[in-house]
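S.K.:
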Amino acid sequence: MSQATLMDGTGLARRIVEETAQQAADLTARTGVTPCLATVLVGEDPASVTYVRMKQNRSRKAGIVSRHVSLPAATTTAELIGTLTELSADPTVHGILLQHPMGHHIDERAAFEAIAPEKDVDGVTLASFSAMSFGLPGFSSCTPGGIMRLLDAYDVDPAGKRAVVVGRSAILGRPVGMLLLGRDATVTYCHSRTPAADLSSAVREADIVVAAVGRPRLVRGEDIKPGAVVVDAGYNAGNVGDVDFDGARERASLITPVPGGVGPMTIATLLSQTVEAAVRQTGA
Ligand code: NAP
Numbered sequence: 000m001s002q003a004t005l006m007d008g009t010g011l012a013r014r015i016v017e018e019t020a021q022q023a024a025d026l027t028a029r030t031g032v033t034p035c036l037a038t039v040l041v042g043e044d045p046a047s048v049t050y051v052r053m054k055q056n057r058s059r060k061a062g063i064v065s066r067h068v069s070l071p072a073a074t075t076t077a078e079l080i081g082t083l084t085e086l087s088a089d090p091t092v093h094g095i096l097l098q099h100p101m102g103h104h105i106d107e108r109a110a111f112e113a114i115a116p117e118k119d120v121d122g123v124t125l126a127s128f129s130a131m132s133f134g135l136p137g138f139s140s141c142t143p144g145g146i147m148r149l150l151d152a153y154d155v156d157p158a159g160k161r162a163v164v165v166g167r168s169a170i171l172g173r174p175v176g177m178l179l180l181g182r183d184a185t186v187t188y189c190h191s192r193t194p195a196a197d198l199s200s201a202v203r204e205a206d207i208v209v210a211a212v213g214r215p216r217l218v219r220g221e222d223i224k225p226g227a228v229v230v231d232a233g234y235n236a237g238n239v240g241d242v243d244f245d246g247a248r249e250r251a252s253l254i255t256p257v258p259g260g261v262g263p264m265t266i267a268t269l270l271s272q273t274v275e276a277a278v279r280q281t282g283a
């Protein structure tokens with residue numbers, strides 16, 4: 000079999016950001032309102048500082064105002080909830096991103112729930128998860144939403160397909176499985192308690208494989224069903240994904256590279272959902 004076609008997340012993300020910038024400019028021209036994304040960071044974890052800075056820079060390039068709130072590491076859950084409640088009530092803020100992980104002393108779930116659902120452009124609240132699960136209007140978790148856009152761009156229709164999602168985190172595995180289910184795939188989840196042999200046999204039967212684990216090359220190339228679509232959300236040291244790329248590429252029909260596959264789609268989804276939130280809140 001010939002090698003799989005690469006799914007170009009970088010190129011698709013660039014097109015989505017260009018469209019988003021145009022929508023932001025149109026909104027501003029029509030109403031005078033400029034979409035605003037508030038980013039909230041607790042502490043100074045270097046990786047989180049870098050991620051937030053990247054999101055702010057990309058926002059500006061897309062015509063989205065960025066407002067940053069930096070809180071000390073010792074911030075309590077109640078103080079953080081206070082900040083998020085204020086931002087939720089502020090009519091000049093359209094989207095809120097709470098960078099995570101946060102310190103262990105913070106009740107992350109309680110903090111996320113302080114974000115108003117209509118401003119939850121990162122898709123982290125229970126309301127957003129329910130909306131995703133039931134196919135109702137709302138915002139997707141950004142990486143799962145980006146994965147679905149990538150599948151759509153390559154005309155992969157999940158309906159009737161067997162999909163396996165490896166990983167069940169609240170921001171990635173669990174919601175992407177729900178989005179695939181909503182598009183009529185037959186979805187199997189694997190996780191840390193799934194025996195390795197069961198993982199292999201689930202992958203061997205899958206038409207669509209989504210890897211979201213954080214373990215280098217956990218999904219073996221030899222297990223990929225010929226012609227399957229392989230989406231690797233994993234990112235491990237040395238630009239290595241959760242799938243054995245070289246082995247999987249020999250068998251798959253489509254595969255995401257790492258980097259340049261899922262990663263760029265996450266931020267593109269965040270920006271497009273922020274402008275969408277501004278459009279909805281402005282009623283324009
Ligand atoms: P996470 O919260 O650590 O969750 C990892 C999941 O993998 C858990 O559900 C865990 O199962 C499961 N798991 C662990 N070991 C396993 C094994 N041996 N077999 C099967 N499942 C196993 O990670 P995450 O936040 O979802 O991120 C996953 C990966 O995606 C990471 O590499 C991360 O860097 C990457 N990521 C990329 C983006 C992007 O924009 N591209 C965004 C977010 C994350 P349990 O639930 O049983 O513990």
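For the sequence shown, numbering that gives the first Met the number 0 begins at 0 and goes up steadily by one.
Glycine included, C-beta positions come from ideal geometry on N, C-alpha and C.
Give me the residue from Asp106, Arg52, Val230 with the minimum Cα distance to Gly368.
M.R.: Nothing can be reported for residue 368: it is not among the residues displayed for the chain, which extend from 0 to 283.
S.K.: By the 10 Å Cβ neighbour count, where 16 or more other Cβ atoms means buried, how is Gly137 classified, buried or exposed?
M.R.: With 16 or more Cβ atoms within 10 Å of its Cβ, Gly137 is classed as buried.
S.K.: Let's see if you can read the secondary structure: which residues bound the alpha helix (DSSP H) around Val159?
M.R.: According to the sequence as given, residue 159 is Gly; it is not Val. Here Gly159 belongs to no alpha helix (DSSP H), and DSSP marks it neither H nor E.
S.K.: What does the alpha-carbon distance come out to for the pair Ile146 and Tyr234?
M.R.: Taking the straight line from one Cα to the other gives about 14 Å.
S.K.: So the beta strand (DSSP E) Thr255 belongs to, where does it begin and stop?
M.R.: From DSSP, Thr255 is part of no beta strand (DSSP E); its letter is neither H nor E.
S.K.: Flag this pair as yes or no: are the beta carbons of Val68 and Ala37 separated by less than 8 Å?
M.R.: The answer is yes: Cβ separation under 8 Å.
S.K.: In three-state DSSP terms, what is Ile223?
M.R.: DSSP places Ile223 in coil when its eight states are reduced to three.
S.K.: What distance in whole Å lies between the Cβ atoms of Arg167 and Arg173, which are believed to be in contact at a cut-off of 8 Å?
M.R.: With a Cβ gap of about 5 Å, Arg173 and Arg167 count as contacting.
S.K.: Around the Cβ of Asp245, are there at least 16 other Cβ atoms within 10 angstroms (buried) or fewer (exposed)?
M.R.: Label assigned to Asp245: exposed.
S.K.: Rank Val274, Val257, Glu249 by C-alpha distance to the C-alpha of Ser1 and give the top, closest one.
M.R.: Per the Cα distances, Glu249.
S.K.: Whose C-alpha, out of Val165, Leu150, His104, Val175, is nearest the C-alpha of Met131?
M.R.: Out of Val165, Leu150, His104, Val175, Val175 has the C-alpha closest to the C-alpha of Met131.
S.K.: Of all the alpha helix (DSSP H) runs that stay within the bounds of the stretch 171 to 208, which reach a length of 4 or more residues?
M.R.: List check, alpha helix (DSSP H) in window: 172 to 181, 195 to 204.
S.K.: If contacts are defined as beta-carbon pairs under 8 Å, then Met53 and Leu149 qualify, I think. What distance do you get, rounded to the angstrom?
M.R.: About 20 Å separates the two Cβ atoms, so there is no contact after all.
S.K.: Between the alpha carbons of Ala211 and Leu171, how many angstroms are there, rounded?
M.R.: Going by the C-alpha atoms only, they are around 7 Å apart.
S.K.: For Thr30, is the classification buried or exposed, using 16 other Cβ atoms within 10 angstroms of its Cβ as the cut-off for buried?
M.R.: The residue in question, Thr30, is exposed, as its Cβ has fewer than 16 Cβ neighbours within 10 Å.
S.K.: How far does the alpha helix (DSSP H) with Ser129 in it extend, from its first residue to its last?
M.R.: 125 to 133 is the span of the alpha helix (DSSP H), which, as asked, contains Ser129.
S.K.: Is Ser191 close to ligand 1? I mean its beta-carbon at under 7 Å from any heavy atom of the ligand.
M.R.: At least one heavy atom of ligand 1 is nearer than 7 Å to the Cβ of Ser191, so yes.
S.K.: Could you have a look at Leu217 and say whether DSSP puts it in helix, strand or coil?
M.R.: Coil, per DSSP.
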